[in-house]
Amino acid sequence: MSTTRRLHIGMSLAPTWLSGDAWRRADSRAEEIYGSDFALDIARRSEAAHLDFVFRPDVSCLAIEAMESGSGFASLDPTVLLAALTRETSRIGLVSTVSTTFFPPYLVARQLQSLHWLSKGRVGWNIVTALQGHENFGLEAMPSAEERYARAAEFTRVVHELWASFPNEALLLDRENGRYADPAQVHPIDHDGEYLKVRGPLNLPAFGARIPLVQAGASDSGRDFAASVADIVFAPTPDKAAATELRRDLSRRAERHGRSPGDIRLLPGLSLYLAPTREEARELFMQTHARVDKARKFAAIEQMIGLDLSAWPSDRRIRAADLPLPQLRPGTSRTHVDLLRRLLERESLLPEELLMRPEVLSAAHWQVIGTVDDAVGQIADWAAAGAMDGFIAAPGGSFGSLRLFLDEVVPRLAEAGLFRDRYRGSTFAEHLAEA
Ligand SMILES: Cc1cc2nc3c(=O)[nH]c(=O)nc-3n(C[C@H](O)[C@H](O)[C@H](O)COP(=O)(O)O)c2cc1C
């Protein structure tokens, strides 16, 4: 029996089990991703396993060059999709992704608060500053990372002020005295800042329960922003050392912002290729990535770290000395750039080997390719080492990985005392507050 605190677990609603070539499997249900039934099925299964939340990442542009072999990030609007789940689920948290770079804060505050009412307090907001899509919103170029984070901080403050501008208590519904609401408790916010100008108040009362915040992006400024506001940091940590370092650093930064380290939880992405045997799991992984578009991956590596592998001899190992000097390139995530450099500084890999590593293949997330026992063992190991506070599951390769995770891995974690065996609260904030 472990003495570790219980983990918090989210399930990605991005159909990660359709990535690579997995969508081509006969049982992939690829036809269903632009409706709500598929997401609802996953949300219901996740709720039956008592997960903290389902999570929908999102971008506001289409990667046409990737569409020949995959979805190119085409997807339903995440907040609209989650609205369809509110009446069909009752306990699980619903985390939507909304960028602070493109949308007006009044609209965002209203949409998320609406979803919060519809779900009776189960909403979370994944705050992203985004990496691409400026051309769809009338911007000449993507603002720099520093500017995006400065705007994100102001944006988040404004959204909170808007949520507070019409507090739940202002809604009286006092039939006897004929008082619908108390206008004295409703107030404009009169925000006039560096990036935003919003008068308020919001034309919707607050539901009451807090809306927890998730933030993704773990560069220096990303960590600092997260430590100032986030309940959850969703971060790529391909190995235990990276996770342990990030978790310690976030705790230190939280304290500097006057918060308790326990207020901020590190939930790495966890990519899971699961099968009854290790050989089958490996086979599933290899099949999924059999058609990796090398030219596109090499171009992405060059864009991130400036290393041109297009004519690199296949038997020549890449050494730390081969890495060009660090240089910030627009449109890249510093988090992912740092992780890729860190990998190549620590290990000397052949180009083929590099292409199969999570830093290149799957957004640098922690990866388990193996059996249910392997997954339970690794999760328990990371938990015991204090490397994380939970994770966001991203099953890969087939729907079978998702089923094995929810039907077998999660119950085993609950048996080991690492995860809840039932819901105790009904709002997302209450799930996160459970120790
Ligand atoms: C794990 C992870 C997940 C992300 N998910 C999204 C997403 O769903 N949508 C989006 O527009 N940006 C996403 N981003 C991009 C971040 O919002 C941010 O723009 C980017 O990481 C640059 O910040 P950084 O320099 O701190 O890494 C994600 C970043 C990370 C690290």
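If you count the sequence shown from 1, position 360 lands on 389 in my numbering, and the numbers rise without skipping.
Backbone N, C-alpha and C fix where the C-beta goes; we use that ideal spot for every residue, glycine too.
Beta strand (DSSP E) segment containing Met40, residue limits: The count along the sequence shown starts at 1 and reaches residue 40 at position 11. Looking at the DSSP string, the run of the beta strand (DSSP E) that includes Met40 is 37–41.
Secondary structure of Gln332, DSSP reduced to three states: Sequence index remark: in the sequence shown, residue 332 carries index 303 (1-based). Note: Gln332 maps to helix in three-state DSSP.
Where Phe530 falls, given that 16 or more other Cβ within 10 Å makes a residue buried: The structure shown does not extend to residue 530, since the chain spans only 30 to 464, so no value can be given for it.
DSSP bridge partner residues for Thr126 (one or two, in chain order): For the purposes of this step, residue 126 is taken as the residue at position 97 of the sequence shown. DSSP output for Thr126 lists Asn155 as bridge partner(s).
Contacts around Ala170, its chain only, beta-carbon distance under 8 Å, and the 5 residues preceding and following it disregarded: Position 141 of the sequence shown holds residue 170. Here the set comprises His163, Pro359.
Those runs of the alpha helix (DSSP H) which lie wholly inside the region 350–434 and span at least 4 residues: Taking 4 residues as the shortest admissible run, the region 350–434 contains the following complete alpha helix (DSSP H) segments, listed from N- to C-terminal end: 363–375, 380–384, 387–390, 401–413, 428–433.
Where the beta strand (DSSP E) containing Leu201 begins and where it ends: By 1-based counting over the sequence shown, the position of residue 201 is 172. Start and end: 200–203.
Distance, Ser57 Cα to Arg441 Cα: For this step, residue 441 is matched to residue 412 along the sequence shown. For this step, residue 57 is matched to residue 28 along the sequence shown. Going by the C-alpha atoms only, they are around 26 Å apart.
One or two residues paired with Phe84 in a DSSP bridge: Within the sequence shown, residue 84 is the residue found at index 55, counting from 1. The partner list for Phe84 (beta bridge, DSSP) reads Ser41, Val124.
Coarse secondary structure for Gly246, derived from DSSP in three states: Numbered from its first residue, the sequence shown carries residue 246 at position 217. Three-state DSSP puts Gly246 in coil, outside helix and strand.
Three-way DSSP call (helix, strand, coil) for Met30 in this model: Stepping through the sequence shown from its first residue, residue 30 is reached at position 1. Because Met30 carries a pLDDT of 38, less than 50, the predicted location of this residue cannot be relied on, and the following value inherits that uncertainty. Met30 falls in the coil class under three-state DSSP.
Member of Cys90, Ser339, Lys226 whose CA lies at the smallest distance from the CA of Tyr135: Translated into the one-based positions of the sequence shown, residue 135 becomes position 106. Minimum Cα distance to Tyr135 is reached at Lys226.
Supposed close pair Ser48, Gly425 - CB separation, criterion 8 Å: Your numbering for residue 48 matches position 19 in the sequence shown. Your numbering for residue 425 matches position 396 in the sequence shown. About 6 Å; that satisfies the 8 Å criterion.
Span separating the alpha-carbon of Phe314 from that of Leu384: Taking the sequence shown and counting its residues from 1, the one referred to as residue 314 is at position 285. Taking the sequence shown and counting its residues from 1, the one referred to as residue 384 is at position 355. About 13 Å.
Between the CA atoms of Thr400 and Ala77 - distance to the nearest angstrom: Against the sequence shown, residue 77 aligns to sequence position 48. Against the sequence shown, residue 400 aligns to sequence position 371. Here the alpha carbon of Ala77 sits roughly 22 Å from the alpha carbon of Thr400.
Residue from Glu223, Leu372, Ala199, His220 whose Cα sits closest to the Cα of Gln214: Position 185 of the sequence shown, counted from the start, is the residue given in the question as residue 214. The residue with the shortest Cα to Cα distance from Gln214 is Ala199.
Option in Ala264, Gly287, Ala458 with minimal Cα separation from Arg276: Here residue 276 is taken as the residue at index 247 of the sequence shown, counted from 1. Of Ala264, Gly287, Ala458, the residue nearest in Cα terms is Ala264.
Meets three-Cβ-pair contact criterion under 8 Å: the region 63–76 and the region 33–43: yes
CA-to-CA distance, Ala328 to Asp344, given in whole angstroms: Residue numbering aside, residue 344 sits at position 315 when the sequence shown is read from its first letter. Residue numbering aside, residue 328 sits at position 299 when the sequence shown is read from its first letter. Taking the straight line from one Cα to the other gives about 19 Å.
Ranges of the beta strand (DSSP E) found wholly within the region 156–237, counting only runs of at least 3: 200–203, 208–210
beta-carbon Thr266 near ligand 1 non-hydrogen atom, thresh 6 Å: Here residue 266 refers to the residue found at position 237 when the sequence shown is read from its first residue. Outside the cutoff, so no.
Cβ-Cβ distance between Trp233 and Phe420 below 7 Å: Walking along the sequence shown from the start, residue 233 turns up at place 204. Walking along the sequence shown from the start, residue 420 turns up at place 391. It should be noted that the sequence gives Leu, not Trp, for residue 233. Not closer than 7 Å, so no.
Cβ-based burial, Thr32 [other Cβ within 10 Å; buried from 16]: Stepping through the sequence shown from its first residue, residue 32 is reached at position 3. Residue confidence for Thr32 is low, a pLDDT of 47 falling below 50, so the modelled location carries little weight; the figure read from the coordinates is stated next. Looking at its Cβ environment, which holds fewer than 16 other Cβ atoms inside 10 Å, Thr32 is exposed.
Local conformation of Ala464 per DSSP, three classes: Sequence index remark: in the sequence shown, residue 464 carries index 435 (1-based). Coil, per DSSP.
Beta strand (DSSP E) segment containing Ser300, residue limits: Start at 1 with the first residue of the sequence shown, and residue 300 comes out as number 271. It spans 294–303 - the beta strand (DSSP E) in which Ser300 sits, taken as one unbroken run.
Separation of Ala458 from Phe102, as counted between CA atoms: Residue numbering aside, residue 102 sits at position 73 when the sequence shown is read from its first letter. Residue numbering aside, residue 458 sits at position 429 when the sequence shown is read from its first letter. Roughly 29 Å between the two C-alpha positions.
Any non-hydrogen atom of ligand 1 within 6 Å of Val258 CB: For the purposes of this step, residue 258 is identified with residue 229 of the sequence shown, where counting begins at 1. For ligand 1, not one heavy atom lies less than 6 Å from the Cβ of Val258.
Ser362: CB within 6 Å of a non-hydrogen atom of ligand 1: In the sequence shown, counting from the first residue as 1, residue 362 sits at position 333. Yes, the beta carbon of Ser362 sits closer than 6 Å to at least one heavy atom of ligand 1.
Same chain only: Cβ atoms within 6 Å of Ile62, ignoring 5 sequence neighbours per side: Mapped onto the sequence shown, residue 62 falls at position 33. Within the same chain, Ile62 has close Cβ partners Pro44.
Cutoff 6 Å; reference Glu423; Cβ partners in own chain excluding five residues on either side: As a first step, residue 423 must be located in the sequence shown, where it is residue number 394. For the sequence presented, residue 423 should be read as Ala rather than Glu. If we look at Ala423 and ignore the five residues flanking it on each side, its Cβ neighbours are Ser41, Thr45, Gly298, Ser300.
Cβ separation of Ile398 and Arg311, assumed to be a contact under 8 Å, to the nearest whole Å: If you number the sequence shown from 1, residue 398 lands on position 369. If you number the sequence shown from 1, residue 311 lands on position 282. The pair is a contact, with the Cβ atoms about 6 Å apart (cut-off 8 Å).
Supposed contact pair Leu279 and Ile261 - C-beta distance, whole angstroms, cut 8 Å: Counted from its first residue, the sequence shown places residue 261 at position 232. Counted from its first residue, the sequence shown places residue 279 at position 250. Not confirmed; about 10 Å, so no contact.
Three-state secondary structure (DSSP) of Val438: Stepping through the sequence shown from its first residue, residue 438 is reached at position 409. In this structure, Val438 counts as helix in the three-state DSSP scheme.
Completely contained alpha helix (DSSP H) runs for the region 87–124, where each covers 4 or more residues: Listed in chain order, they are 107–114.
Enclosing alpha helix (DSSP H) for Val137 [first to last residue]: Start at 1 with the first residue of the sequence shown, and residue 137 comes out as number 108. Counted as a single uninterrupted DSSP element, the alpha helix (DSSP H) harbouring Val137 occupies residues 134–147.
Where the alpha helix (DSSP H) through Ile71 begins and ends: Counting from 1 along the sequence shown, the entry for residue 71 is found at position 42. 66–77 is the extent of the alpha helix (DSSP H) around Ile71.
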